[in-house]
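Have a look at the structure below before the remarks.
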Amino acid sequence: MWTWFYRLASPPFVYRTAGALMPWFLAAAAATIGYGTIAGLAFAPPDYQQGDAFRIIYVHAPSAWLSLFAYTTLAVAGAIGLIWRIKMGHAVAAATAPIGASFTLSALVTGSLWGRPMWGTYWAWDPRLTSELILLFLYVGVMSLRSAFEDPGRGDRAAALLAIVGVVNVPIIHYSVVWWNSLHQGATVAKIGKPEMPGSMLWPLLAMFLGFMCFYGAVLCMRLRGEVLNRERQAAWVREAMRS
Amino acid sequence: MGGYARFVWPCFAFVFGVLAWNLWAAGRYQAEARKRALRSLAMMGEGQ
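Quick mapping for you: the protein sequence lines, in order, are chains A and B.
Residue numbering for the first sequence follows the working numbering, starting at 4 and increasing by one per position.
Residue numbering for the second sequence follows the working numbering, starting at 55 and increasing by one per position.
Below, the structure written as structure tokens:
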């Protein structure tokens with residue numbers, strides 16, 4: 004089993020697999036995000052309380068979800084690199100950090116723009132908003148720490164440690180609306196039992212979730228290929244790949 | 055947009071900007087890495 008695990012994490016395999024998967028992810032992302040945007044903006048009915056302002060959910064919720072998913076990936080990949088000393092774990096962590104940071108910023112900006120008409124303010128030191136802001140600082144911290152060392156190996160290990168410690172913030176963000184009094188609304192889609200949305204609103208949102216995940220997959224593959232090339236520049240297989 | 059256009063459109067514009075930036079930055083990162091690998095190959099005298 005371990006042989007299989009290590010073979011799966013070999014740089015040439017990762018490089019080739021990422022190259023093969025990338026166009027499929029990108030095509031799926033274009034189709035689902037295209038459908039979700041058109042259906043969410045033009046065909047979903049306005050919310051009975053929030054009116055058309057609710058349409059912000061189609062970009063806000065997938066961005067926020069992706070910010071958490073990417074951070075969990077970052078921490079798990081860092082842990083794999085740290086515990087099993089698998090180089091590709093650190094490569095995945097390095098590739099995922101800027102993507103996750105950009106979607107965290109996106110969740111904060113769209114949330115702020117949604118908050119103004121609904122709460123009367125762009126920002127409040129609310130548990131959900133504050134913990135999401137801490138997530139952005141964690142991403143910036145992990146990226147800065149990785150590049151702060153001259154020895155890339157030490158940078159990888161330090162960044163992985165910070166990522167693992169910071170993962171405690173992920174459940175805090177998710178459950179902040181349950182644990183504390185929050186301006187932010189509770190779960191609507193991921194509710195156990197039945198989501199509180201009609202199909203005409205829900206399907207475009209699910210398409211956007213899927214589209215953002217596929218987009219993340221595509222961009223991660225692209226960045227990962229670059230990361231592998233940077234780390235394995237002197238390897239014989241890279242020379243072969245560059246010649247072909 | 056029922057009076058909410060000035061909030062809804064900037065959100066979509068910002069997020070699509072983030073998507074475009076991600077694609078551009080990832081493509082550039084990959085291209086730079088490829089260039090560096092090719093340069094290192096040429097320096098080793100195997101580029102020709």
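Just so it is clear, CB atoms sit at the ideal spot from N, CA and C, and this is done for glycine as well.
Check the Cα spacing between Leu-11(A) and each of Leu-232(A), Gly-43(A), Gly-39(A) and Gly-92(A): the tightest is with Gly-92(A). For the stretch 110 to 123 of chain A, the residues whose beta carbon sits under 8 Å from a beta carbon of chain B are, in order, Val-112, Thr-113, Leu-116, Trp-117, Arg-119 and Pro-120. Pairing Tyr-125(A) with Val-241(A), the inter-Cα distance amounts to about 49 Å.
Secondary-structure assignment with DSSP links Asp-50(A) through a beta bridge to Gly-54(A). Inter-segment contact for the stretch 210 to 219 of chain A and the stretch 77 to 85 of chain A is absent: fewer than three beta-carbon pairs are separated by less than 8 Å. For the pair Ala-98(A) and Glu-230(A), the CB atoms are nearer than the 9 Å cut-off.
The count of Cβ pairs closer than 8 Å, one atom from the stretch 142 to 151 of chain A and one from the stretch 78 to 91 of chain B, stays below three, leaving the stretches out of contact.
The beta carbon of Trp-78(B) lies closer than 7 Å to none in the same chain, with the five residues before and after it left out.
Within the stretch 62 to 76 of chain A, those residues whose Cβ lies closer than 8 Å to any Cβ of chain B are, in chain order, Val-62, His-63 and Ser-66.
DSSP places Gln-237(A) outside both helix and strand once states are collapsed to three, so it counts as coil. Residues are counted here when their Cβ sits less than 7 Å from a Cβ of chain A; for the stretch 55 to 76 of chain B these are Met-55, Gly-56, Tyr-58, Phe-61, Val-62, Pro-64, Cys-65, Phe-66, Phe-68, Val-69, Val-72, Leu-73, Trp-75 and Asn-76, given in chain order. Boundaries cannot be given for Ser-185(A), as no alpha helix (DSSP H) includes it and DSSP labels it neither H nor E. Per DSSP, Pro-65(A) is one residue of the alpha helix (DSSP H) stretching across 60 to 86. In terms of beta-carbon proximity, Arg-149(A) stays away from the interface with chain B, with every pair separated by 9 Å or more. If you compare the alpha carbons of Leu-71(A), Arg-88(A) and Gly-84(A) with that of Ala-104(A), the shortest gap goes to Leu-71(A).
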